[in-house]
Amino acid sequence: MRPMLRLFLLIGFDLLAIALYFTLWHFFPQWWWVWLIMLLIDLPGTSWLVLRWTAPDEPESPVG
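Counting in the working numbering, the sequence shown runs from 305 upward without gaps.
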């Protein structure tokens, strides 16, 4: 996958996660600490998933 497309997907999914949590925070402000903890856990996880999903296939190692 092209590097710019990979970067676009990475930033896009992270922004989507941030928007989701701020929306939840708006409707459930008494739970702000829960949303903050979930956001801090989710952003690295989302980034890792996008990077793994868009990673180039590893070449097969020769047998023998």
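Even glycine gets a Cβ: it sits at the ideal position worked out from N, Cα and C.
Selection from the options that minimises the alpha carbon distance to residue i
i, options, result
"LEU344", "MET308, GLN334 and ALA321", "ALA321"
"PHE312", "PRO360, ASP361 and LEU355", "LEU355"
"ALA323", "ARG310, GLN334, MET342 and PRO307", "MET342"
"PRO348", "ILE315, ASP361, GLU362 and PHE326", "ILE315"
Heavy atom of the ligand MG within 8 Å of residue i beta-carbon
i, result
"HIS330", "Ligands are entirely absent from the displayed structure, and the ligand MG is therefore not among its contents."
Rounded straight-line distance, which links the Cα of residue j to that of residue i
i, j, result
"ALA359", "PHE317", "16 Å"
"LEU331", "TRP339", "The question names Leu, but residue 331 in the sequence shown is Phe. Looking at the two C-alpha atoms, the distance is approximately 11 Å."
"ARG306", "SER351", "17 Å"
"LEU319", "PRO333", "20 Å"
Cβ neighbours of residue i in the same chain (closer than 6 Å, five flanking residues each side left out)
i, result
"TRP335", "none"
"PHE326", "none"
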